[in-house]
Amino acid sequence: MAEDRYRRTNRHSAFGLSLLIFISLLLITGCASLGEYNPATGRSELILISTPEEVALGNDIHRQLDQQYKTSTNTKQIELINRIGRRLAQVSDRQDYTYQFFVVEEDELNAFTVPGGRIYIFSKLIDKLETEGQIAFVLAHEIGHCAARHTIKKFQAAMGYNLISSIVLGQLGGQQAQEVASLSSNMVMNIVFSAYGRKDEYEADRLGIKYLRLAGYDPHAGVESLEELARESQEGGAPLMLRSHPYLTDRIKEAKKETESLSKR
Ligand SMILES: [Zn+2]
């Protein structure tokens with residue numbers, strides 16, 4: 000009897016281990032055919048963090064950011080960013096949370112996104128960009144990262160083995176949220192500001208251009224906005240934005256192709 004139970008347990012853990020390896024491989028190679036179809040990317044994706052958990056994580060991060068950064072009191076800029084942001088959010092492929100937009104009072108060129116649909120843009124970047132369309136592209140690009148679930152995937156990848164094993168071993172029910180909560184705040188910020196991969200950047204640009212067009216902006220503003228950043232980087236060293244959104248030169252080429260193919264459709 001005892002031996003039988005032992006054998007069964009062993010079989011179970013062997014199964015659990017194979018499943019763990021299988022899911023890890025899917026996550027590492029990014030070719031998961033499991034999971035949910037994402038209309039933004041046209042792929043099925045294995046997302047282990049639910050939307051409510053993602054939003055809860057975003058709330059925590061927002062509280063931390065609030066202590067680190069000064070939010071703008073420039074009502075003109077805040078209104079502008081919210082007006083443009085709302086217009087773009089309506090056409091996003093991802094609608095399972097509410098997008099929120101914030102202006103951060105910083106003398107740096109940057110925009111970034113945290114899980115749960117919160118998008119931040121630095122006041123200096125708003126000042127540097129020349130047209131509403133160019134500012135819209137920066138926000139649309141960030142919405143693209145949200146819709147393609149790039150932001151939450153960075154967290155998923157960083158949590159890796161612990162998160163996956165807790166799911167494979169059936170310890171669901173808030174476990175993922177606990178895993179996230181166990182990360183130190185430094186680690187969380189490192190993930191927020193870490194660079195996306197080249198493919199993710201192309202994808203966010205492609206979605207950004209798509210959302211510009213759907214929201215009634217001229218899609219050429221995408222390339223203009225990237226070229227403005229390139230000029231800035233030549234003049235005064237690399238803008239901070241390139242740390243979390245790199246590959247600028249190649250992105251300009253890809254964005255030009257995307258905009259041209261849009262005008263032919
Ligand atoms: Zn980006």
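In terms of numbering that gives the first Met the number 0, the sequence shown has 170 at position 171, counting the first letter as 1, and numbering is strictly consecutive.
In this text, a Cβ means the ideal position worked out from N, Cα and C, and glycines have one as well.
Return helix, strand or coil for residue i, following the three-state DSSP convention.
i      : result
SER193 : coil
GLN89  : coil
THR70  : strand
VAL112 : Correcting the residue identity first, residue 112 is Thr in this sequence and not Val. If DSSP states are grouped into helix, strand and coil, THR112 belongs with the strands.
GLN63  : helix
GLN94  : coil
HIS219 : coil
SER49  : coil
GLY169 : Here the model assigns GLY169 a pLDDT of 47, short of 50, so the residue's position is not dependable, and the following value carries that caveat. The answer is coil: DSSP assigns GLY169 none of H, G, I, E or B.
ALA135 : helix
LEU228 : helix
LEU128 : coil
GLU107 : coil
ALA203 : helix
ARG82  : helix
ARG264 : coil
Using C-beta distances below 8 Å, list every residue in its chain close to residue i, excluding the 5 sequence neighbours before and after it, in chain order.
i      : result
PHE192 : PHE111, ARG242, SER243
CYS30  : Reliability of the predicted coordinates at CYS30 is poor, the pLDDT of 48 falling under 50, and the value obtained from them is presented with this limitation in mind. Cβ within range, chain order: n/a, list empty.
GLN76  : VAL102, SER122, ILE125
LYS127 : LEU108, GLU227, GLU231
Can you tell me which of the options puts its alpha carbon nearest to the alpha carbon of residue i?
i      : options                        : result
ALA229 : ALA157, ARG250, LYS209, PHE136 : ARG250
ALA146 : THR130, GLY207, LYS127         : GLY207
GLY84  : ARG117, LEU56, GLU107          : ARG117
PRO273 : TYR195, GLU234, GLY115, PRO51  : The question about residue 273 has no answer here: the residues shown for the chain are numbered 0 through 264.
ARG86  : PHE136, THR74, ASP95           : PHE136
GLU78  : TYR98, PHE121, VAL102          : VAL102
THR248 : ASN81, GLN67, SER232           : SER232
ALA220 : GLY143, LYS255, GLU202         : LYS255
LYS153 : GLU257, GLU53, ALA39, THR258   : GLU53
ILE60  : GLY115, ILE80, THR97, GLU259   : GLY115
ARG264 : LYS209, MET240, GLU253, ASN81  : LYS209
SER71  : GLN133, THR97, TYR119, ALA88   : TYR119
Residue i bridges to which residues according to DSSP?
i      : result
TYR246 : Paired residue(s): none; TYR246 is not in a bridge.
GLN76  : For GLN76, which the question treats as bridged, DSSP gives no partner whatsoever.
SER43  : TYR36
PHE101 : TYR119
Quick one, are the C-beta atoms of residue i and residue j less than 9 Å apart?
i      : j      : result
GLU226 : THR130 : no
LEU108 : PHE121 : yes
GLN66  : MET188 : no
VAL113 : GLY41  : no
ASP204 : GLY143 : yes
HIS149 : GLU234 : no
Beta-carbon within less than 6 Å of residue i's beta-carbon, same chain only, minus the 5 sequence neighbours each way: which residues are those?
i      : result
LYS69  : GLU104
LEU261 : PRO218
ASP199 : HIS149
GLU257 : ARG205, ILE208
GLY132 : TYR216, ASP217, ALA220
Leaving aside the five residues before and after residue i along the sequence, list all residues of the same chain whose C-beta is less than 7 Å from its C-beta, in chain order.
i      : result
ILE190 : LYS153, PHE154, ALA157
LEU213 : VAL90
ASP290 : Only positions 0 to 264 of the chain appear in this structure, which leaves residue 290 out of reach.
Would you verify that the beta carbon of residue i is, or is not, closer than 9 Å to some beta carbon of chain B?
i      : result
PHE121 : No chain B is part of this structure, which consists of one protein chain only.
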